[in-house]
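Remarks on the structure that follows.
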Amino acid sequence: MTEEKIGVYICHCGSNIAGTVDVVDVAKWAGEELKDRGVVVSRDYKFMCSSLGQELIEKDIKELGLTRVVVGACSPHLHENTFRTACDRAGLNPYLCELVSIREQVSWVHTDRQAATEKSKAIVSGGVERVVHNQPLEPLHVPIHPATLVVGGGIAGIQSALELADAGFPVYLVEREPSIGGHMAQFDKTFPTLDCSACILTPKMVSVGGHKNINMFTWSEVTQVDGYVGNFTVTIRKRARYINEELCTGCVICQEKCPKKIIDEVYDAGLGYRKAVYTPFPQAVPKYPVLDRENCTYFQKGTCKACEKFCPTGAIDFTQEDEYITVQVGNIILATGFDLFDARRIKQYGYGRLANVFTSLEFERLSNAAGPTNGNIVLRDGVTTPESVGIIHCVGSRDKNYNNYCSVICCMQSLKFAHLVEERTGAQVTNFYIDMRTAFKAYDEFYQRLLEEGTQFIRGKVAEITDAARKPGEEGKLIIQVEDTLIGKQRRIPVDMVILSCGLEPRHDAKEVAKLFGISCSADGWYIEKHPKLDPVATMTEGVFIAGCVQGPKDIPASVSQGAAAAARVLGRIQQGEIALEPVRASIDEAKCSGCRICNNMCPFNAILFHEDRMVSEVNPALCQGCGTCVAACPAGAISGTCFSNEQILSQIEGLLLLNVRRPLVVETVY
Amino acid sequence: MRYSYYPGCSLERNASAYHVSAMEVAKPFGVEFAEIDDWNCCGATEYIALNKIAAYALVARNLVIAKNQPDNGHTLVAPCSACFLNLSKAEQYLSENETFREKMNIALEAGGMHYTAGGLSVRHLLDIFVNDVGYNAIAEKVVKPLKGLRIAPYYGCLIVRPGFQGVFDDHEQPDTLDKLMKVLGANVVDFPLKASCCGGHMTQISEAVAMDLLNRLLKNAADYEADILVTLCPMCQLNLDAYQADVNRYFKTSYHIPVLYFTQLMGLAMGMSAQAMGIGKEFVDARPALAKIGVEVPEPAPVKKKRPSKEELPMPRMPEKE
Chain A
70 MTEEKIGVYI
80 CHCGSNIAGT
90 VDVVDVAKWA
100 GEELKDRGVV
110 VSRDYKFMCS
120 SLGQELIEKD
130 IKELGLTRVV
140 VGACSPHLHE
150 NTFRTACDRA
160 GLNPYLCELV
170 SIREQVSWVH
180 TDRQAATEKS
190 KAIVSGGVER
200 VVHNQPLEPL
210 HVPIHPATLV
220 VGGGIAGIQS
230 ALELADAGFP
240 VYLVEREPSI
250 GGHMAQFDKT
260 FPTLDCSACI
270 LTPKMVSVGG
280 HKNINMFTWS
290 EVTQVDGYVG
300 NFTVTIRKRA
310 RYINEELCTG
320 CVICQEKCPK
330 KIIDEVYDAG
340 LGYRKAVYTP
350 FPQAVPKYPV
360 LDRENCTYFQ
370 KGTCKACEKF
380 CPTGAIDFTQ
390 EDEYITVQVG
400 NIILATGFDL
410 FDARRIKQYG
420 YGRLANVFTS
430 LEFERLSNAA
440 GPTNGNIVLR
450 DGVTTPESVG
460 IIHCVGSRDK
470 NYNNYCSVIC
480 CMQSLKFAHL
490 VEERTGAQVT
500 NFYIDMRTAF
510 KAYDEFYQRL
520 LEEGTQFIRG
530 KVAEITDAAR
540 KPGEEGKLII
550 QVEDTLIGKQ
560 RRIPVDMVIL
570 SCGLEPRHDA
580 KEVAKLFGIS
590 CSADGWYIEK
600 HPKLDPVATM
610 TEGVFIAGCV
620 QGPKDIPASV
630 SQGAAAAARV
640 LGRIQQGEIA
650 LEPVRASIDE
660 AKCSGCRICN
670 NMCPFNAILF
680 HEDRMVSEVN
690 PALCQGCGTC
700 VAACPAGAIS
710 GTCFSNEQIL
720 SQIEGLLLLN
730 VRRPLVVETV
740 Y
Chain B
332 MRYSYYPGCS
342 LERNASAYHV
352 SAMEVAKPFG
362 VEFAEIDDWN
372 CCGATEYIAL
382 NKIAAYALVA
392 RNLVIAKNQP
402 DNGHTLVAPC
412 SACFLNLSKA
422 EQYLSENETF
432 REKMNIALEA
442 GGMHYTAGGL
452 SVRHLLDIFV
462 NDVGYNAIAE
472 KVVKPLKGLR
482 IAPYYGCLIV
492 RPGFQGVFDD
502 HEQPDTLDKL
512 MKVLGANVVD
522 FPLKASCCGG
532 HMTQISEAVA
542 MDLLNRLLKN
552 AADYEADILV
562 TLCPMCQLNL
572 DAYQADVNRY
582 FKTSYHIPVL
592 YFTQLMGLAM
602 GMSAQAMGIG
612 KEFVDARPAL
622 AKIGVEVPEP
632 APVKKKRPSK
642 EELPMPRMPE
652 KE
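Protein sequences, first through last, are from chains A and B.
Just so we're aligned, residue 70 is where the first sequence starts under the working numbering, counting upward by one.
Just so we're aligned, residue 332 is where the second sequence starts under the working numbering, counting upward by one.
This is the structure in structure tokens:
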């Protein structure tokens, strides 16, 4: 018999719970049957989370002197904080309030009213037994370092960096490529307004380059992340550029004189050439070129040094080595973007085999005025203008053989391509789509415009692209074989050029990068946000935020919004000066710890350190996320989780099993 | 390397050249194909559509026989694509569907047989050569490269799909045969219709469909200036070879593309004689194409006209067509 005074509150949640569970009966039962377990009051209410519902609890705490509160309502993910705050207002330590779920775990998953009611009683009873062992806790306070690390210099990362820097806080921007700009720098036009991509991007790039609060590391990668929210220690590998940045004026004479020509697989998507020493594009930020060691004649064969001979300022420095730089930051924003789906994987589309099949990124370069053909849309022979073009949607997307998800941008991107082809070549364009998805502002208007411009649309998934001519008119063409699902017939459409609107995929190394920063990926490889609707830029790891395509496929406006949103979240943190962390933490009883170190490697947050001198492990409370892995793993039972102590869990199980709850039929037949 | 071998009906008759060449080519690699005893027809391409139980029982009988002869190893090799597909399909369905297996066993019991799942993998002859023997080993044995011979590698539709056990190549654009022909020194053309259908038994059912499907293949091979179509299936070979003249009549075309088995070309490249490879039995004369690589094929022996015996009575005279 406990001395605690427990209040039980059962929520109807409108009809969400009350529709399946007899909530009145549950409340009445708890008030009567759990009286000897310490329950002094038990009530039901239509919406416990409403102000009136909360006031009910607060009033009881004050008037009846409740020392523990159990709320039977929705999942703690949703309203735990609401009820804890209510208790706090009434002077009760918030961690003495327990929210048990009779919605997600009962009413939403069951249909049998009687059984659901009995199960709710069991769950409430478990909560009552558990809450007795809850300890009053105080949140942990951690100071926040004002600097922020932004990883990825695409449009999302640029936006984040600028927002933070403009607010007056230092930013470290790390980019793997020689220049910031990301995929957006490769595009010619942006949908649906068709404004010039470079024109809207480069001013932002220049702002980043010249910003006094932004410390930019291009041609660099993050190699190590230590510490925790508010106080991360990050190691950045600054790859040797072999260019002395203090002497270089960005005149690119080195690039002109370099005799080594290489296919540019990154910026020109394999459609153009670059030199071994190069800036990827004229507006690159920073202006300094990089010398690509793997392709440099001097590094590979020992002679050449043409760049050094011609450099007017003597800025070429073959002796440079990689530098490792360590910085302190309070928060991290990951904006590492996407990779394009590899069209070679769909062999029947012939990419890589049939010359005039292009990927979407190739077409972006083809149509770009600064691209390899100066914006002339031509076939792979470099001269012939196509008279007919087929654009295939959903390549690698919405296809269970490759990726199940929709890549979001492809419909609009395809419409943009169709418009550019018609505008510049007058060719007849045919789009092959499964569904047209032109949601968001002014997008569908663009689709309507294309329809009026005479672009053809065929609804159906393309089966094959072949050069095997069968009928007159197909000779020398690429034939697109498709079932037109609107007329229910197989069709063969001969065209000169095919553009594959390839989907977006997570970066090839997304999983390793996620591990480096201690966050998790979905099965597809996109980084998982804290809440898909209500917290899309935070992650489950405190202090690590995500923005742009790293979270899932999205277009430029959405990437920019997320970049700004992540920055706003970080600014809020910095402004507070310190952060209150949930005190749900593991702790190790040193007297019981045998120093076996099993927990050290188990911890997904690297929160456990080992003291060599005393041969015991210790949990860093600021790093610990309270997941409980180590608690379960410890063979000596030396680790205990606050809010999840063995005592609490065992009592809860006892409450679920031992009280006067009707046993389900199945259990009886087993005995 | 010793394998159980299921030749299938065609290899005893129209595709005997395939059988002979496969056996000859296997020898230098130490590969032995041990024919299973008392096998029966696999039902080919259409029987399964008529009566499922009977059709699968026909195939399952072969599987049981092969499983009961474990001395030949646990791999059953079929050179014909239809046999290969039927055997692997039956093994797949029977091993995963218990009800079907029970029904099948009632049928098999009539012959005193019982099917048990597993213990046998069904593979195609090409799979054995490219994956078990390997390209490198084959390359070492090439003494007369097929240099200058333009070859269109034709896989047909049965060998690569559906994705049952034993399927070893891409469903849409397979390339193992391409690689094999390159190893033999041939000039392999990028044959887009490599995995398209030859028409199967459509030649018997619907002439128009069969002619169209064959025409697609022949036209495409001709467009690519292929000297030879190389196949790995007796059905494909028969259709493309025996009906080529019909296609020419039907569409007023003039294709002349000999159709040979990959084993025959392997043998030629390994220095074996055309005769030993059974070359000369095809309808579309392969001699002009093979002359390009200096392979001589002896003139086919003239068919002797049977002289009417003196006792024979005269044939009835038919009225002249107007």
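Just so you know, even glycine gets a beta-carbon here, dropped at the ideal spot from N, CA and C.
Rounded straight-line distance, which links the Cα of A576(B) to that of N570(B): Here residue 570(B) refers to the residue found at position 239 when the second sequence is read from its first residue. Here residue 576(B) refers to the residue found at position 245 when the second sequence is read from its first residue. Those two C-alpha atoms are separated by around 11 Å.
Minimum Cβ-Cβ distance from K416(A) to chain B less than 8 Å: Taking the first residue of the first sequence as position 1, residue 416(A) is located at position 347. Chain B contact via Cβ: present.
T535(A) at chain B interface by Cβ criterion, 8 Å: Your numbering for residue 535(A) matches position 466 in the first sequence. Taking Cβ atoms only, chain B reaches closer than 8 Å to T535(A), which makes this a yes.
Opposing strand residues paired with R333(B) [DSSP bridges]: By 1-based counting over the second sequence, the position of residue 333(B) is 2. Answer is E363(B).
Delimiting residues of the alpha helix (DSSP H) encompassing T554(A): What you label residue 554(A) is simply residue 485 of the first sequence in a count that begins at 1. Note, T554(A): premise wrong, no alpha helix (DSSP H); not H, not E.
Beta carbon proximity, D463(B) to chain A, threshold 8 Å: Here the question's residue 463(B) lines up with position 132 in the second sequence. It does not: the Cβ of D463(B) has no partner Cβ on chain A nearer than 8 Å.
Any C-beta of chain B under 8 Å from that of A538(A): For the purposes of this step, residue 538(A) is taken as the residue at position 469 of the first sequence. Closer than 8 Å: yes.
4-residue-minimum alpha helix (DSSP H) runs that sit fully inside the stretch 425-488 of chain B, ordered along the chain: 429-440, 466-472
Between the CA atoms of L563(B) and I485(B) - distance to the nearest angstrom: Position 154 of the second sequence holds residue 485(B). Position 232 of the second sequence holds residue 563(B). Strictly speaking, residue 485(B) in this sequence is Tyr, with Ile absent from that position. Using only the alpha carbons, I get a separation of about 8 Å.
CB of V458(A) within 8 Å of CB of M566(A), strictly: Sequence index remark: in the first sequence, residue 458(A) carries index 389 (1-based). Sequence index remark: in the first sequence, residue 566(A) carries index 497 (1-based). Taking 8 Å as the Cβ cut-off, V458(A) and M566(A) qualify as a contacting pair.
V739(A) to D181(A) span [Cα, whole Å]: Taking the first sequence and counting its residues from 1, one reaches residue 739(A) at position 670. Taking the first sequence and counting its residues from 1, one reaches residue 181(A) at position 112. Below a pLDDT of 50, predicted positions are generally treated as unreliable, and V739(A), at 39, falls in that range; the measurement from the model is reported next regardless. Each residue's alpha carbon lies about 21 Å from the other.
Residue-level contact to chain A via CB, P633(B), 8 Å cutoff: Here residue 633(B) refers to the residue found at position 302 when the second sequence is read from its first residue. For P633(B), the answer is no, since every Cβ of chain A falls outside 8 Å of its Cβ.
Option in E325(A), E716(A), Q482(A), P690(A) with minimal Cα separation from V211(A): The count along the first sequence starts at 1 and reaches residue 211(A) at position 142. Cα-wise, what sits closest to V211(A) is P690(A).
DSSP beta-bridge partners of C80(A): The count along the first sequence starts at 1 and reaches residue 80(A) at position 11. Answer is Y114(A).
Whole-angstrom distance between M649(B) and E642(B), CA atom to CA atom: Against the second sequence, residue 642(B) aligns to sequence position 311. Against the second sequence, residue 649(B) aligns to sequence position 318. One C-alpha to the other measures close to 21 Å.
First and last residue of the uninterrupted alpha helix (DSSP H) at E102(A): Here the question's residue 102(A) lines up with position 33 in the first sequence. Counting along the chain, the alpha helix (DSSP H) containing E102(A) begins and ends at 92-102.
Residues from the stretch 301-319 of chain A in contact with chain B, defined by Cβ distance under 7 Å: none
At least three beta-carbon pairs within less than 8 Å, the stretch 439-450 of chain A to the stretch 340-352 of chain A: In this structure the stretch 439-450 of chain A touches the stretch 340-352 of chain A; the number of beta carbon pairs closer than 8 Å is three or more.
Contacting positions in the stretch 514-525 of chain B - beta carbon closer than 9 Å to chain A: D521, F522, P523, L524
C-beta atoms of S335(B) and V408(B) nearer than 8 Å: On the second sequence, residue 335(B) is found 4 positions in, with the first residue counted as 1. On the second sequence, residue 408(B) is found 77 positions in, with the first residue counted as 1. Yes.
Status (buried if at least 16 other CB within 10 Å, exposed otherwise) for S640(B): As a first step, residue 640(B) must be located in the second sequence, where it is residue number 309. So S640(B) ends up on the exposed side.
Sequence-distant residues of its chain with Cβ nearer than 6 Å to A159(A) (five each side left out): Along the first sequence, one-based indexing puts residue 159(A) at 90. Excluding sequence neighbours, A159(A) sits near E127, I130, K131.
Any chain B beta carbon closer than 8 Å to R422(A): Translated into the one-based positions of the first sequence, residue 422(A) becomes position 353. So yes, R422(A) belongs to the interface.
8 Å Cβ cutoff, D501(B) in contact with chain A: Residue numbering aside, residue 501(B) sits at position 170 when the second sequence is read from its first letter. Answer yes: the Cβ-Cβ gap between D501(B) and chain A drops below 8 Å somewhere.
Residues of its chain near C696(A), where Cβ-Cβ distance is below 7 Å and the 5 sequence neighbours each way are ignored: Position 627 of the first sequence holds residue 696(A). Once the five neighbours on either side are set aside, the close Cβ partners of C696(A) are P673.
Contact under 8 Å by Cβ, V461(B) with S419(B): Along the second sequence, read from residue 1 onward, the residue named residue 461(B) stands at position 130. Along the second sequence, read from residue 1 onward, the residue named residue 419(B) stands at position 88. Their beta carbons are not under 8 Å apart, which means V461(B) does not touch S419(B) by this criterion.
K485(A) - DSSP class collapsed to helix/strand/coil: Taking the first sequence and counting its residues from 1, one reaches residue 485(A) at position 416. The answer is helix: DSSP assigns K485(A) an H, G or I state.
Whether G251(A) touches G222(A) by CB criterion (8 Å): Here residue 251(A) is taken as the residue at index 182 of the first sequence, counted from 1. Here residue 222(A) is taken as the residue at index 153 of the first sequence, counted from 1. It is a contact, given that the beta carbons lie within the stated cut-off.
Distance, V639(A) Cα to G612(A) Cα: Position 543 of the first sequence holds residue 612(A). Position 570 of the first sequence holds residue 639(A). Cα-Cα distance, rounded: 8 Å.
Proximity winner among Y466(B), I490(B), Q535(B), M601(B), relative to L416(B) (alpha-carbon distances): Here the question's residue 416(B) lines up with position 85 in the second sequence. Answer by Cα proximity: I490(B).
Beta-carbon neighbours of N579(B), restricted to chain A and to distances below 7 Å: Working through the second sequence from its first residue, we reach residue 579(B) at position 248. Under the 7 Å cutoff, chain A gives no residues; its nearest Cβ is about 17 Å from N579(B).
Heavy atom of the ligand ZN within 7 Å of T711(A) beta-carbon: Judged by which ligands are present, the structure shown has none, so any question about the ligand ZN falls away.
Neighbouring residues, chain A, relative to N417(B) (Cβ below 9 Å): The sequence position of residue 417(B) within the second sequence is 86, counting from 1. Those do not exist, as N417(B) stays about 25 Å from chain A at its closest Cβ, beyond 9 Å.
Same chain only: Cβ atoms within 7 Å of G319(A), ignoring 5 sequence neighbours per side: As a first step, residue 319(A) is located in the first sequence; it is residue number 250 there, counting from the start. These residues qualify, in order along the chain: K356, Y357.
Short CB-CB distance (under 8 Å) between D554(B) and chain A: For this step, residue 554(B) is matched to residue 223 along the second sequence. Closer than 8 Å: yes.
I86(A) in three-state terms, based on DSSP: As a working note, residue 86(A) is residue 17 in the first sequence. Looking at I86(A) - three-state DSSP - the assignment turns out to be coil, as it is neither helix nor strand.
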